Structure formats: C-alpha cells, structure tokens
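This report refers to the structure that appears directly beneath it.
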Amino acid sequence: MLNRIIRLQALLEIISKQSTLTTDLLNAQSQQVRTMIYQNWLALDYLLAEEGGVCGKFNSSNCCVEIDNHSEVITNITANIRKLAHVPVQNFKGGSVTSEIQFVLSKG
Numbered sequence: 001m002l003n004r005i006i007r008l009q010a011l012l013e014i015i016s017k018q019s020t021l022t023t024d025l026l027n028a029q030s031q032q033v034r035t036m037i038y039q040n041w042l043a044l045d046y047l048l049a050e051e052g053g054v055c056g057k058f059n060s061s062n063c064c065v066e067i068d069n070h071s072e073v074i075t076n077i078t079a080n081i082r083k084l085a086h087v088p089v090q091n092f093k094g095g096s097v098t099s100e101i102q103f104v105l106s107k108g
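In case it helps, this note's numbering puts the sequence shown at residues 1 to 108.
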C-alpha cells in the first residue's frame with residue numbers, strides 16, 4: 001500500500017512538472033504573438049496614416065485593439081503548482097514496512 005502511495009505521489013509530481021512546463025511554454029509563445037500583433041498593427045497604421053490609420057480606412061469607430069496580458073498571473077499559478085507538487089526526498093529509518101507505516105502515522 002505504501003509503495004502505491006509513493007508511486008502515485010511521484011506520478012502526480014511528474015504530471016505537475018510537465019503541465020507547468022507546457023503552460024510556461026505556451027505563456028512565452030503568447031507573449032511573442034502579442035508583441036508581433038502590436039508590431040504589425042503599428043506598421044499597418046503607419047502605412048495607412050494618410051487615410052486615418054486602420055480605423056480611418058475601415059470607418060470603424062470601435063477600433064481599439066486590446067490584448068489582455070495575463071502572463072504574470074499564469075507564471076504565478078504555475079509557480080504555485082510547482083510548490084504544491086514538489087515532494088522532498090523522504091528517508092525512512094527502519095527496514096520493515098511496519099516501521100515505515102508507524103513512522104508515517106506518528107507524523108500525522
């Protein structure tokens with residue numbers, strides 16, 4: 001039973017690490033895409049400046065571009081997941097399963 005719990009604990013830590021790594025990579029990519037969109041918007045606005053920019057060209061009064069930046073929040077969430085999932089190495093004293101169970105129960 002204790003081995004199953006330890007394996008489950010290790011599996012949870014691995015899944016958490018992989019999930020946070022994936023989230024971090026997607027977050028970084030999102031920041032790069034956001035920067036590219038703003039740069040393209042500025043270039044297009046510059047090219048269409050004589051016609052009032054992008055909004056003037058398309059006669060749009062609702063033309064404000066806003067891309068929410070939640071990258072800091074995402075970074076904080078993944079850091080918290082890493083803290084929760086991290087399990088320090090545990091060294092049990094004693095050679096029998098009974099002594100390991102007693103050790104765990106005494107810490108309860």
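Note that CB positions come from ideal geometry on N, CA and C, so glycine has one too.
Everything numeric in this text was worked out from a predicted model, so none of it was measured.
Tell whether a beta-carbon distance below 7 Å holds between residue i and residue j.
i, j, result
"S16", "A79", "no"
"Q31", "S71", "yes"
"T20", "I74", "no"
"D45", "G56", "no"
In the DSSP assignment, find the alpha helix (DSSP H) that holds residue i and state where it starts and stops.
i, result
"N69", "That residue, N69, is in no alpha helix (DSSP H); it is neither H nor E in DSSP."
"G52", "Looking at the DSSP string, G52 is not in any alpha helix (DSSP H), and its letter there is neither H nor E."
Measuring alpha carbon to alpha carbon, tell me which of the options ends up nearest residue i.
i, options, result
"N69", "K57, E50, A43 and A28", "A28"
Alpha carbon to alpha carbon, how far is residue i from residue j?
i, j, result
"L11", "T23", "18 Å"
"K83", "V33", "29 Å"
"L25", "Q9", "24 Å"
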